[in-house]
Amino acid sequence: MSPQVEVKIFPESPEGQIIDVPDGATYEDLLKILDINQELVILLNNGQAVPIDGTVDAGTITILRAISGG
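Start counting the sequence shown at 1; every next residue gets the next number (my numbering).
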């Protein structure tokens, strides 16, 4: 059974969306599914930072986009 995760992407979709992630998928795989550049975000699962190569666990994934300006 694939883990089901709620994904919240800030600032674009703070209300979140529910998606199924294949068993064994990494957070890098999740970002590829969502077409998000991994170099531009910080990932949290239930409020805790996670490594990009870690296996996705069911929970609430928060994707914070790094914003820079000058």
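Ideal placement from N, C-alpha and C gives every residue a C-beta, glycine not left out.
Treat the numbers as computed from the prediction; the structure is a model and nothing was measured.
Relative to the C-alpha of residue 15, which residue among 23, 32, 62, 67 is closest? 62
Could you work out which residue in 55, 34, 53 is closest to residue 18 when comparing CA atoms only? 34
Which listed residue (40, 59, 27, 55) has its alpha carbon closest to that of residue 46: 59
Whole-angstrom distance between residue 66 and residue 3, CA atom to CA atom: 26 Å
Going by DSSP, what residue range makes up the beta strand (DSSP E) through residue 43? 41-45
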